[in-house]
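Visitor: Take the sequence shown: its letter number 12 is residue 1251 in the numbering used here, and every next letter is one higher. Handing you a structure now.
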Amino acid sequence: MSKDSMIVADGGDFVGTAAYILRPREPLTWLDPGAFGTLGVGGGFALGAKLCRPDSDVWIIYGDGSLGYSVAEFDTFTRHKTPVIALVGNDACWSQIAREQVPLFGSSVACDLEFTDYDKVAEGYGGVGLKLDQSSDEDIEATLEKAMDLSSKGKAVLINALIAKSNFREGSISV
């Protein structure tokens, strides 16, 4: 990731975990929805960031739940030639909700999801979709490099990273 890359964080556990690892490279290069973690701001924030800083790489870090709120912005990104890179941590679950719901009610109804092919959704909107899972031919670094190369050529890219559920944020609260 280049020094002037913009990072947009959109929602949930994946982003909460990513915040422990990712660090903004410079001031004003991290955008997030604030303390209450409003889901779905990623697409709009990324669009604004790319229009304000067209020469910077813009990355959106999504959980699979938050992506559902703004994945249609891939249509906007492709129509308006606004190349961004989205990285989706897809654990097929509304994990932040399930963490409290399952112990309380003994059921994960409406929290367990399927591993959606979000990479194909991005392709349907004219972007490029890449998938990372245990059977991927490419490793993580090669996939990130490929995404940056495609973005530099004007393509909006979505990396669908299939991940396992985690209790890393066990004990955190959701609002």
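Quick reminder that beta carbons are idealized off the backbone N, C-alpha and C, glycines included.
Would DSSP call Tyr-1259 helix, strand or coil?
Guide: DSSP places Tyr-1259 in helix when its eight states are reduced to three.
Visitor: Since Phe-1284 and Gly-1366 should fall inside the 8 Å C-beta cutoff, what is the C-beta to C-beta distance between them, to a whole number of angstroms?
Guide: So it is not a contact: roughly 17 Å between Cβ atoms.
Visitor: Taking Val-1396 as part of the beta strand (DSSP E), name the residues at either end of that continuous run.
Guide: Residues 1396-1401.
Visitor: For Lys-1359, I'd like the list of residues in its chain whose CB is within less than 8 Å of its CB, leaving aside the five on either flank, ordered along the chain.
Guide: Closer than 8 Å at the Cβ level, and outside the excluded window around Lys-1359, lie Gly-1368.
Visitor: Could you please give the first and the last residue of the uninterrupted alpha helix (DSSP H) stretch that includes Tyr-1357?
Guide: Here the alpha helix (DSSP H) through Tyr-1357 covers 1357-1363.
Visitor: Can you tell me whether Val-1414 is helix, strand or coil according to DSSP?
Guide: With a pLDDT of only 43 at Val-1414, under 50, the local geometry of the prediction cannot be trusted, and the value read off the model is given with reservation. Here Val-1414 sits in coil by DSSP.
Visitor: With a threshold of 16 other CB atoms inside 10 Å of the CB of Tyr-1259, please say whether the residue is buried or exposed.
Guide: So Tyr-1259 ends up on the exposed side.
Visitor: Assuming contact is defined by CB atoms lying nearer than 8 Å, are Val-1180 and Leu-1397 in contact in what I supplied?
Guide: With the chain represented from 1240 up to 1414, any question about residue 1180 goes unanswered, as that position is not in the structure.
Visitor: Leaving aside the five residues before and after Ser-1390 along the sequence, list all residues of the same chain whose C-beta is less than 8 Å from its C-beta, in chain order.
Guide: These residues qualify, in order along the chain: Asp-1296, Pro-1322, Val-1323, Ile-1324 and Val-1396.
Visitor: Using only CA atoms, which one of Lys-1404, Ser-1305 and Ala-1248 lies nearest to Trp-1269?
Guide: It is Ala-1248.
Visitor: Decide if Gly-1363 is buried, meaning its Cβ has at least 16 other Cβ atoms within 10 Å, or exposed.
Guide: Under this definition Gly-1363 is an exposed residue.
Visitor: If we cut at 8 Å on Cβ distances, does Lys-1392 have a partner in chain B?
Guide: Protein chains in the displayed structure number just one, and chain B is not present.
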